[in-house]
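Accompanying notes for the structure given below.
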Ligand SMILES: Cc1cc2nc3c(=O)[nH]c(=O)nc-3n(C[C@H](O)[C@H](O)[C@H](O)COP(=O)(O)OP(=O)(O)OC[C@H]3O[C@@H](n4cnc5c(N)ncnc54)[C@H](O)[C@@H]3O)c2cc1C
Ligand SMILES: Cc1ncc(C[n+]2csc(CCOP(=O)(O)OP(=O)(O)O)c2C)c(N)n1
Ligand SMILES: [Mg+2]
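Numbering (the numbering used here), first residue to last: 759 to 1333.
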């Protein structure tokens, strides 16, 4: 029998940890590892066209499954390309392992061909980053990396020189055989009692929930019912909070709903649960603020906090609920819900076919997609205006999922994330909401769809610009510059790459084409020629006023019509 190599043991250890795929691009220094993958059946090599896309794809798989995603790059430029995608995974707190192949061990430090220093390069986007320089370290170093990625939710990196990977293994096999621990984390009894007292004495409570509410939907709804509290969500909480929720008043933030903004600004007690909503300007100044988070270091990071608790949402709410009495005053809730219905109606009115005229409203395309997509569709949206449309017009239902680059905010995330989702969930409908700028940025991986037989559907919002940046420039009172895009026909590119490619130029083409794409047995792309300035700044604002507008726009909510910005700007400008 052939001897087991270090890379054989590496692959065996990954398999023992339940890994099913490694996303990457091959290369000399990775040869040992790809060859070990080739010789076994449990782990599949997912051949991508760009390592950044591989990292995004691994992160998307991890986001959906909660299990370890793995990506790999060859030495120097190969693994350097992983970095932006890994930053995204790390900041989204999904468990991902990156295998960074390294130059031959005896050349390290000599300035050799392709030499970089992965331990330095990956330090900022990982919890753990170590070099495997001798066979005795395998599998322990790898197991520490895996365990750290899972336990601390984020990225671990192992750098391994190609020659070390090809040497004979010393250890026999993987050493860790326990299932992932699932502790219940709860504040102390006295803390729960203090919190219950505070809540029982308040009549105007608003809940701000985020991604940390995943898996605690029924507890959250029960809490809101007891407190008569409207629930605002942060973007990453949308998929877990918005559905089947009679207390929902939408998102807050610049892209949010005016109702979410107001519900937070008008409360007496703000109860933050599992959220790291990052924009300080949107927190109330005078309310009493409570924050519950699984990680103590999060407490008080975004706003002043009067009561901070460490606990996981489900366990904490289960402990808290029996201590709460029913709030008899529902005026705050009712007012917030009415605001929400108004805001929702206002946004829905913008999602029309525009009397059949071009250019198409992007909101309309997303509303149609929302109607036609499968009940358990998985969406990814690019950073840029697709994030706005996804936040406002995609309906979640507890089965659908939504991914983006919400914390890192990197362009071009949607297509590679969709690839990771599709290959790890072959039966599901997967839709990428791509910007024309974002799609072009990692366009190479459109070729992966055919090669991997991944039937991803891409909807491209073709506005011939970096529209989100244009909006930011306008809001800051700067003349927009460097935002024009001269695009080809993405439908033709798609056809050439073996996808179904369609172009919707007129509103009446949107529905049949999206339907055709969704039904197509294979990858498909629909480019929708959408208007460029859907969220134009209000015309009543003069340039002089606009110069300082950024300040106000930051505090305001883009209602979609710009009128909300006017409201708040007027208050601030003309007081
Ligand atoms: C172009 C663009 C515009 C954006 N505009 C907006 C906007 O207007 N509004 C908006 O809301 N977002 C917006 N975002 C997204 C924003 O940047 C943040 O990503 C988002 O608000 C964070 O959502 P979150 O708090 O749900 O998730 P996270 O930032 O992931 O925070 C989750 C928190 O929950 C904690 N947690 C995890 N598990 C548990 C558990 N079991 N129990 C308790 N706590 C737990 C974590 O420690 C963490 O602190 C925008 C993003 C982009 C790219
Ligand atoms: C990698 C990266 N580069 C630049 C930016 C700044 N940025 C944010 S949104 C955006 C425009 C995105 O354009 P597009 O994909 O066409 O979407 P649109 O807003 O036009 O719908 C840019 C350049 C970024 N977030 N990430
Ligand atoms: Mg664009």
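In this text, a Cβ means the ideal position worked out from N, Cα and C, and glycines have one as well. Only a predicted model underlies this, so the values are computations on that prediction, with no experimental measurement involved.
N- and C-terminal bounds of the alpha helix (DSSP H) containing residue i
i            : result
residue 952  : 947-958
residue 793  : 789-796
residue 993  : Premise fails: residue 993 is in no alpha helix (DSSP H) and is neither H nor E.
residue 1012 : Where residue 1012 is concerned, there is no enclosing alpha helix (DSSP H), given that its DSSP letter is neither H nor E.
residue 1285 : Counting along the chain, residue 1285 falls outside any alpha helix (DSSP H), though it belongs to the beta strand (DSSP E) covering 1282-1287.
residue 1091 : 1089-1108
residue 975  : 975-985
residue 1290 : Residue 1290 -> no alpha helix (DSSP H), and no H or E assigned at all.
residue 1060 : Element bounds for residue 1060: n/a, residue is neither H nor E.
residue 765  : 764-774
residue 1076 : 1071-1078
residue 1274 : 1265-1277
residue 1198 : 1194-1199
Per-residue burial, residue i [other beta carbons within 10 Å of its own, 16 or more giving buried]
i            : result
residue 810  : buried
residue 1177 : buried
residue 1064 : exposed
residue 951  : exposed
residue 1327 : The predicted position of residue 1327 is uncertain, since its pLDDT is 41 and thus under 50; no value can be drawn from it.
residue 1153 : exposed
residue 1156 : exposed
residue 870  : exposed
residue 864  : exposed
residue 991  : buried
residue 1118 : buried
residue 1180 : buried
residue 1099 : exposed
residue 1137 : buried
residue 892  : exposed
residue 1244 : exposed
residue 1285 : buried
residue 1187 : buried
residue 1035 : buried
residue 994  : buried
Segment limits, beta strand (DSSP E) that includes residue i
i            : result
residue 1068 : 1065-1068
residue 1006 : 1006-1009
residue 1044 : Note, residue 1044: premise wrong, no beta strand (DSSP E); not H, not E.
residue 781  : 779-782
residue 721  : Absent from the model: residue 721. The displayed extent of the chain is 759 to 1333, so no value can be given.
residue 1241 : From DSSP, residue 1241 is part of no beta strand (DSSP E); its letter is neither H nor E.
residue 1262 : 1258-1262
residue 970  : No beta strand (DSSP E) contains residue 970, which DSSP labels as neither H nor E.
residue 1027 : 1027-1031
Own chain partners of residue i with C-beta closer than 6 Å, once the 5 adjacent residues on each side are dropped
i            : result
residue 767  : 896, 897, 927
residue 1193 : 1140, 1142, 1144, 1219
residue 1312 : The pLDDT assigned to residue 1312 is 44, lower than 50, so where the model puts this residue is not dependable, and the model offers no usable value.
residue 1054 : 1068
residue 880  : 887, 915
residue 1224 : 1195, 1241
residue 1070 : 943, 1052
residue 998  : 971, 972
residue 1411 : As displayed, the chain neither begins before 759 nor continues past 1333, which places residue 1411 out of reach and without an answer.
residue 787  : 832, 833, 859, 920
Contact set for residue i: own chain, Cβ-Cβ below 7 Å, skip 5 residues either direction
i            : result
residue 1147 : 1120, 1121, 1124, 1191
residue 1042 : 1022, 1023, 1025, 1028
residue 1128 : 1151, 1152, 1153
residue 872  : 833, 834, 835, 861
residue 775  : 826, 904
Neighbourhood of residue i by C-beta distance below 8 Å, restricted to the same chain and skipping five residues each side
i            : result
residue 911  : 851, 852, 853
residue 1058 : 1049, 1066
residue 1112 : 1118, 1119, 1122, 1265
residue 876  : 837, 858, 860, 887, 889, 915, 917
Check your understanding: Is the number of C-beta pairs between the region 930-943 and the region 893-907 that are closer than 8 Å three or more?
Key -> yes
Practice item. Would you mind listing the alpha helix (DSSP H) stretches within the region 1129-1189 that are 4+ residues and don't spill past its ends, in chain order? Key: 1143-1151, 1172-1182
Exercise for review: Go through the region 1207-1238 residue by residue and report every complete run of the alpha helix (DSSP H) that reaches 4 residues or more, in order.
Suggested key: You should have 1225-1233.
Practice item. Would you mind listing the beta strand (DSSP E) stretches within the region 797-856 that are 3+ residues and don't spill past its ends, in chain order? Key: 802-805, 827-831
Review point. Unbroken alpha helix (DSSP H) runs of length 4 or more, entirely within the region 845-925: which are they?
Key: 876-879, 898-909, 920-923
Review point. Would you call the region 776-790 and the region 802-819 touching, i.e. three or more CB-CB distances under 8 Å?
Key: With the cut-off at 8 Å, the region 776-790 and the region 802-819 touch.
Check your understanding: Is there contact between the region 1006-1013 and the region 973-980, where contact requires at least three CB pairs shorter than 8 Å?
Key -> no
Exercise for review: Examine the Cβ distances between the region 1202-1212 and the region 842-850 and report whether three or more of them are shorter than 8 Å.
Suggested key: no
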